[in-house]
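Take a look at the structure below.
Residue numbers (full-length UniProt numbering): 1 to 537.
Structure representation (structure tokens):
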């Protein structure tokens, strides 16, 4: 099939306004509204004003459903192109503690000709709360809302798929020729869960930086604040200086000094010693506040003026523990620490309060997980957690929440047998999810299926040096991994590399061809900004 092919609306279809509610097993449709939208202006990235707007024409279907006995109210958005449909379906995932974002986050796939959809999984509590707060995880009596947790774990995805394919049949006269999942972080984990639980829902799954091992991962993301609360809180400029020093130390170890740590083996073996910066002076442009600039993304708002600060032994101790990752009181590792070269601002952010004191600024998802999932207490004081409290939280998360959220639910055997393809890429400088977890998952897949070649038949993994979580960071990002996935699904062309690109702070285009794991980028010769100067080996 021509990957760029599109088609006009087929004859004999149901008009947008006449679409009816499908029958979904295990769910009850409470309402369905369908309105044809013409020439709405949008951007592929709603957070960017630098991208030229385009105009969308589509059938906008809004569905409200519930699961009998669950008392949930789930909102699903389905957008169907009214012309130039490419015959494909692209479902969009969520992030953090949200099942999906809907609305204009569907504009990108719609502009490329996809039928597309998103679900809130009922986690907005009838549009009254932000899912990132975690409030939805508890019932009013303080018990776990197991139904909504199941919705996020995997059930809401399947409902959305069945709904979208039925509406496709009504509107176009056919179901999609190919169905794809596209998600990062929680959305990446949702992709793996969909593959395992409903192996025939998707032909291809693009799962970026998946939040697998979520019971360990989310509590691990609160380790930096606990370390700081029980030691000292470094000014953020000190942490930035440490990030620069880590890159400077470990970047050359991959064979070339290009500002990127490209060897995934250095996740465990980067030989940086935090004590080497003790006594160094740092010019600190203080951050007075943190500004929310989008989905799970923040930036510091600087105060006026510079301060000269000296890095202390206490600062070095905190950084060492953050890099090592959470440990028990006996020194037993619980999970992985911050990846070498990753930014500290995500899970180890600090800000200056009104009195000039530096305080931790925890990742909201980790904080919400502790309050609403682990301790089931909205007023739990995370700012007063001792290391013993933290160890207890880690045990509860892995032993109790692991029953639903553990990786035992991510068996990909049926997905493999159904012919599905799963493509994952992840930044080696991911600031929220240590890439070590993805390596661990991949190694377990190879043990289960009999080696790397067997796994590569249905799952391929690519690491992006210097890239952050989902996007950002300081390294090249994959240009269009969904096209690579489509080629694999539709033409049998399994990707060996993923083209990636970024623009450096010096306004230089930097490119790489990311290598299929376990291969690594090896410098040969030529300008380090060019992909042609590197090969995979």
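Ideal Cβ placement from N, Cα and C applies to all residues, glycine included.
No experiment lies behind these values; they were computed from the predicted model shown.
Do residue j and residue i count as a contact pair if the criterion is CB distance below 8 Å?
| i | j | result |
| --- | --- | --- |
| residue 505 | residue 479 | no |
| residue 206 | residue 242 | no |
| residue 247 | residue 407 | no |
| residue 497 | residue 510 | no |
| residue 434 | residue 339 | yes |
| residue 282 | residue 250 | no |
| residue 335 | residue 431 | no |
| residue 463 | residue 421 | no |
| residue 195 | residue 409 | no |
| residue 164 | residue 78 | yes |
| residue 58 | residue 19 | no |
| residue 73 | residue 126 | yes |
| residue 425 | residue 208 | yes |
| residue 222 | residue 370 | yes |
What does the alpha-carbon distance come out to for the pair residue i and residue j?
| i | j | result |
| --- | --- | --- |
| residue 253 | residue 327 | 27 Å |
| residue 259 | residue 218 | 29 Å |
| residue 366 | residue 98 | 13 Å |
| residue 198 | residue 386 | 41 Å |
| residue 518 | residue 473 | 22 Å |
| residue 402 | residue 189 | 14 Å |
| residue 119 | residue 100 | 5 Å |
| residue 404 | residue 105 | 28 Å |
| residue 255 | residue 263 | 9 Å |
| residue 440 | residue 17 | 49 Å |
| residue 561 | residue 137 | Coverage of the chain is limited to positions 1 through 537, which leaves residue 561 absent and any answer about it impossible. |
| residue 114 | residue 156 | 20 Å |
| residue 392 | residue 27 | 37 Å |
| residue 88 | residue 383 | 48 Å |
| residue 288 | residue 353 | Residue confidence is low: residue 288 scores 46 on pLDDT, short of 50, so the model does not pin down where it sits. Its coordinate-derived value is still stated next. If I take the Cα positions, the gap works out to 7 Å. |
| residue 467 | residue 23 | 43 Å |
| residue 535 | residue 494 | 18 Å |
| residue 486 | residue 92 | 16 Å |
| residue 171 | residue 124 | 29 Å |
| residue 239 | residue 220 | 18 Å |
| residue 107 | residue 470 | 18 Å |
| residue 429 | residue 400 | 30 Å |
| residue 491 | residue 359 | 53 Å |
| residue 154 | residue 166 | 19 Å |
| residue 512 | residue 31 | 48 Å |
In or out: residue i buried (at least 16 other Cβ within 10 Å) or exposed?
| i | result |
| --- | --- |
| residue 267 | buried |
| residue 560 | Outside the displayed range of the chain (1 to 537) lies residue 560, so it cannot be described from this structure. |
| residue 37 | exposed |
| residue 362 | buried |
| residue 244 | exposed |
| residue 149 | buried |
| residue 357 | exposed |
| residue 530 | exposed |
| residue 11 | With a pLDDT of 47 at residue 11, under the threshold of 50, the modelled position of this residue cannot be trusted; read the value that follows with caution. The residue in question, residue 11, is exposed, as its Cβ has fewer than 16 Cβ neighbours within 10 Å. |
| residue 333 | exposed |
| residue 481 | buried |
| residue 596 | There is simply no residue 596 to check, as the chain begins at 1 and stops at 537 in what is shown. |
| residue 388 | exposed |
| residue 296 | Confidence at residue 296 is low in this model, with a pLDDT of 45, below 50, so the placement of that residue is unreliable and no value is reported for it. |
| residue 341 | buried |
Taking only three categories from DSSP, how would you classify residue i?
| i | result |
| --- | --- |
| residue 491 | helix |
| residue 510 | strand |
| residue 311 | coil |
| residue 340 | coil |
| residue 250 | helix |
| residue 170 | helix |
| residue 400 | coil |
| residue 428 | coil |
| residue 433 | coil |
| residue 222 | coil |
| residue 153 | helix |
| residue 479 | coil |
| residue 385 | coil |
| residue 77 | strand |
| residue 148 | helix |
| residue 538 | The requested residue 538 is not part of the displayed model; the chain covers only 1 to 537. |
| residue 64 | strand |
| residue 539 | Summary: the structure shown does not reach residue 539, with the chain confined to residues 1 through 537, and so no result is reported for it. |
| residue 101 | coil |
| residue 368 | helix |
| residue 503 | strand |
Would you please state the rounded distance, in angstroms, between the beta carbons of residue i and residue j? I believe it to be under 8 Å.
| i | j | result |
| --- | --- | --- |
| residue 151 | residue 122 | 5 Å |
| residue 159 | residue 179 | About 14 Å; that fails the 8 Å criterion. |
| residue 423 | residue 438 | That belief does not hold up - the Cβ atoms of residue 423 and residue 438 are roughly 13 Å apart, past 8 Å. |
Please confirm whether any heavy atom of the ligand SAH lies closer than 7 Å to the CB of residue i.
| i | result |
| --- | --- |
| residue 133 | This structure simply doesn't include the ligand SAH, nor any ligand for that matter. |
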